[in-house]
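Protein chains: 2
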Amino acid sequence: MPRLRSRNEDQVTTKVDVVEFAPELMEFLGRAAYVQLIQFENLSRAISSAPSTSAKTAIGRAAELSLGKHRMLVDEITKVGGSPAEVMEPSTADVDRFERATHGADWFETLVTCYLTAGFLDDFFSRLALGLPVEGRRIAGIFHGESGEAVLAELLEDAIEENPRLASRLAMWGRRLVGDTMLVARSSLRYSENHKSDEARIEPVFTELIAAHTRRMDALGLTA
Amino acid sequence: MPRLRSRNEDQVTTKVDVVEFAPELMEFLGRAAYVQLIQFENLSRAISSAPSTSAKTAIGRAAELSLGKHRMLVDEITKVGGSPAEVMEPSTADVDRFERATHGADWFETLVTCYLTAGFLDDFFSRLALGLPVEGRRIAGIFHGESGEAVLAELLEDAIEENPRLASRLAMWGRRLVGDTMLVARSSLRYSENHKSDEARIEPVFTELIAAHTRRMDALGLTA
Numbered sequence: 412m413p414r415l416r417s418r419n420e421d422q423v424t425t426k427v428d429v430v431e432f433a434p435e436l437m438e439f440l441g442r443a444a445y446v447q448l449i450q451f452e453n454l455s456r457a458i459s460s461a462p463s464t465s466a467k468t469a470i471g472r473a474a475e476l477s478l479g480k481h482r483m484l485v486d487e488i489t490k491v492g493g494s495p496a497e498v499m500e501p502s503t504a505d506v507d508r509f510e511r512a513t514h515g516a517d518w519f520e521t522l523v524t525c526y527l528t529a530g531f532l533d534d535f536f537s538r539l540a541l542g543l544p545v546e547g548r549r550i551a552g553i554f555h556g557e558s559g560e561a562v563l564a565e566l567l568e569d570a571i572e573e574n575p576r577l578a579s580r581l582a583m584w585g586r587r588l589v590g591d592t593m594l595v596a597r598s599s600l601r602y603s604e605n606h607k608s609d610e611a612r613i614e615p616v617f618t619e620l621i622a623a624h625t626r627r628m629d630a631l632g633l634t635a
Numbered sequence: 412m413p414r415l416r417s418r419n420e421d422q423v424t425t426k427v428d429v430v431e432f433a434p435e436l437m438e439f440l441g442r443a444a445y446v447q448l449i450q451f452e453n454l455s456r457a458i459s460s461a462p463s464t465s466a467k468t469a470i471g472r473a474a475e476l477s478l479g480k481h482r483m484l485v486d487e488i489t490k491v492g493g494s495p496a497e498v499m500e501p502s503t504a505d506v507d508r509f510e511r512a513t514h515g516a517d518w519f520e521t522l523v524t525c526y527l528t529a530g531f532l533d534d535f536f537s538r539l540a541l542g543l544p545v546e547g548r549r550i551a552g553i554f555h556g557e558s559g560e561a562v563l564a565e566l567l568e569d570a571i572e573e574n575p576r577l578a579s580r581l582a583m584w585g586r587r588l589v590g591d592t593m594l595v596a597r598s599s600l601r602y603s604e605n606h607k608s609d610e611a612r613i614e615p616v617f618t619e620l621i622a623a624h625t626r627r628m629d630a631l632g633l634t635a
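Structure, rendered in structure tokens:
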């Protein structure tokens with residue numbers, strides 16, 4: 412079994428931070444919980460279509476961790492008196508669109524989606540959480556928990572080693588994912604009236620998130 | 412969120428026990444781990460096809476618990492020096508056949524499958540574990556852990572209440588599941604040379620497992 416590692420090992424930090432744009436607690440929790448549910452659905456699709464039992468078991472660990480994060484976010488919603496399904500509802504249209512766009516044509520592309528978008532979005536939501544009116548640091552911790560990232564990376568490395576021709580296709584797929592992942596992240600922000608100035612201030616954050624995305628691709632030997 | 416309860420609340424006991432037929436440790440663990448993986452795949456299908464976000468979240472808890480059991484069984488395989496995928500491999504044909512037979516035509520039938528077959532098979536494997544050469548009691552405990560049974564029962568009760576015409580179709584489906592579930596359970600036993608006498612001795616165990624199955628159907632108001 413590949414080693415699991417906590418995502419905060421390569422967490423990003425900036426001065427101008429996304430926390431200024433944090434939506435209110437309930438809105439944040441609903442969005443993050445539903446994104447996590449969709450991340451799980453991608454993982455479960457990767458399990459169903461996995462070419463081997465060992466791959467199923469390995470991805471199973473990532474799926475279990477993702478469901479755990481979803482449950483913790485749902486518990487936070489309940490704790491502040493919300494009804495989880497109602498609170499998630501406003502996010503379903505945006506996030507379902509993201510899911511369709513990042514579905515992938517086969518198992519390998521689905522796995523790249525799981526690996527890259529979970530990393531990006533967990534980083535993003537952990538930063539956003541720090542701007543919440545209450546308990547931001549504790550909630551941010553949910554996204555820093557153990558993740559299946561290393562497991563997924565190892566499966567992808569093995570697949571590419573076995574079939575080097577996969578690399579260029581998966582590199583292209585990885586690059587394509589950036590746009591849709593940025594889109595779903597941006598739609599989770601609450602802008603002020605001066606939208607243009609907000610965009611300029613938030614740009615450095617996305618630059619760092621993209622840099623982390625590139626490092627994840629590099630780790631697989633995929634030129635980003 | 413519906414209450415979760417531990418499955419051993421309605422665990423069955425008999426004098427003539429299935430433990431005499433326990434296969435060797437590695438064989439047992441491989442079979443049980445792969446069955447649990449398929450149970451998870453059924454649950455994840457129920458999540459993908461769920462009609463509401465609240466149902467997705469509720470089934471998510473059952474799926475997380477199922478993946479946890481799978482992981483614990485895989486850890487047991489590793490602990491005794493086995494390679495999980497290799498040890499599960501001999502079970503894939505039988506269990507995949509079971510999965511196809513119990514797939515269900517829609518979300519409701521899939522959910523009935525998750526509810527009834529998980530209960531039956533967890534009961535079965537926990538009893539079988541007691542006959543293992545070593546650490547049987549500890550391994551049996553894996554199957555007694557918190558389960559998603561109550562969550563699934565509540566979703567089904569709500570669905571039937573909302574649409575009472577579902578009841579007769581789901582009752583028929585529940586009855587049909589017994590045969591295929593018994594088949595996959597029986598194929599996990601190791602018989603002696605006197606197969607006929609074994610069958611007679613093991614019959615009371617299956618009678619009790621079927622009684623528990625009937626109680627689970629009764630709990631939903633489905634006449635078994």
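Same order as they appear, the protein sequences are chains A and B. All residue numbers for the first sequence refer to the numbering used here, where the first residue is 412 and numbers rise by one. All residue numbers for the second sequence refer to the numbering used here, where the first residue is 412 and numbers rise by one. Note that the Cβ used here is the ideal one computed from N, Cα and C, for glycine as well. Every value quoted in this text rests on a predicted model; they were computed, and no experiment measured them.
Residue i and residue j closer than 8 Å at C-beta
i	j	result
A/Val491	A/Leu436	yes
A/Leu478	B/Glu557	no
B/Ser537	B/His555	yes
A/Thr528	A/Leu600	no
B/Ala469	B/Val562	yes
B/Arg482	A/Arg472	yes
A/Ala433	A/Leu539	yes
B/Lys567	B/Tyr526	The sequence shown places Leu at residue 567 of chain B, not Lys. Cβ distance < 8 Å, so B/Leu567 and B/Tyr526 count as in contact.
Nearest residue (CA-CA) to residue i, options the options
i	options	result
B/His624	B/Asp534, B/Leu478, B/Ser579, B/Ser608	B/Asp534
B/Lys480	B/Gly559, B/Ser459, B/Ser465	B/Gly559
A/Leu448	B/Arg587, B/Phe509, B/Ala466	B/Ala466
B/Asp486	B/Leu588, B/Tyr445, B/Asp507	B/Tyr445
A/Glu500	B/Thr464, B/Glu452, B/Glu568, B/Ile571	B/Thr464
B/Leu522	B/Val506, B/Ser598, B/Ile553, B/Ile458	B/Ile458
A/Ala443	A/Leu484, A/Ser598, A/Gly547, A/Glu572	A/Leu484
A/Thr524	A/Ser455, A/Lys607, A/Ala433, A/Arg597	A/Ser455
A/Asn453	A/Pro434, A/Glu438, A/Asn574, A/His514	A/His514
B/Gln450	B/Asn574, B/Glu573, B/Phe509	B/Phe509
A/Glu355	A/Ala630, A/Glu438, A/Pro462, A/Gly493	One cannot answer for residue 355 of chain A here, as it falls past the ends of chain A, which runs 412 to 635.
B/Ser502	B/Glu573, B/Glu438, B/Gly552, B/His606	B/Glu438
Other residues of its chain near residue i: CB distance less than 8 Å, five sequence neighbours each side excluded
i	result
B/Ala582	Met628, Leu633, Thr634, Ala635
A/Asp421	Note that A/Asp421 scores a pLDDT of 47, beneath 50, so its modelled location is shaky; the value from the coordinates is reported in the next line. Once the five neighbours on either side are set aside, the close Cβ partners of A/Asp421 are Ala623, Arg626.
B/Ala570	Phe519, Leu522, Leu577
B/Ser417	Only weak support is given to the placement of B/Ser417: the predicted model assigns it a pLDDT of 49, under 50, and the question is left unresolved by the model.
Residues near residue i in its chain [Cβ-Cβ closer than 7 Å; skip 5 each side]
i	result
B/Glu431	Gly542
B/Ile550	Glu487, Ala540, Leu543
B/Phe617	Met593
A/Arg548	Leu541
A/Ala596	Leu532, Phe535
B/Leu598	The amino acid occupying residue 598 of chain B in the given sequence is Ser; Leu does not appear at that position. These residues qualify, in order along the chain: Asp505.
B/Glu610	none
Contacting residues, own chain, Cβ-Cβ under 6 Å from residue i (five flanking each side not counted)
i	result
B/Ile488	Leu440, Pro495, Val498
A/Ala622	none
A/Ser460	Trp518
A/Trp584	Glu520, Val523
A/Leu415	Residue confidence for A/Leu415 is low, a pLDDT of 49 falling below 50, so the modelled location carries little weight and cannot support an answer.
B/Pro413	Low confidence applies to B/Pro413: its pLDDT is 44, below 50, so where it sits in the model is not reliable enough to give any reading.
B/Ala512	Asp591
A/Glu572	none
A/Gly493	Met437
A/Ile553	Lys480, Met483
Any C-beta of chain C under 8 Å from that of residue i
i	result
B/Phe554	Of the protein chains in this structure, namely A and B, none is chain C.
heavy atom of the ligand FAD below 7 Å from residue i C-beta
i	result
A/Glu497	The ligand content of the structure shown is nil, which means the ligand FAD is not present either.
Any contact of the region 515–523 of chain A with the region 589–598 of chain A, i.e. 3+ C-beta pairs under 8 Å? no
Listed in chain order, which residues of the region 491–515 of chain A have Cβ atoms closer than 7 Å to some Cβ of chain B? Pro495, Ala496, Met499, Glu500, Thr503
According to a CB-to-CB cut-off of less than 8 Å, which residues of the region 467–490 of chain A neighbour chain B? Listed in sequence order: Lys467, Thr468, Gly471, Arg472, Ala474, Glu475, Leu478, Gly479, His481, Arg482, Val485, Thr489.
Along the region 447–460 of chain B, what residues have a CB closer than 9 Å to any CB found in chain A? Leu448, Phe451, Glu452, Leu454, Ser455, Arg456, Ile458, Ser459
Between the region 516–534 of chain B and chain A, which residues of the former have a C-beta closer than 8 Å to a C-beta of the latter? none
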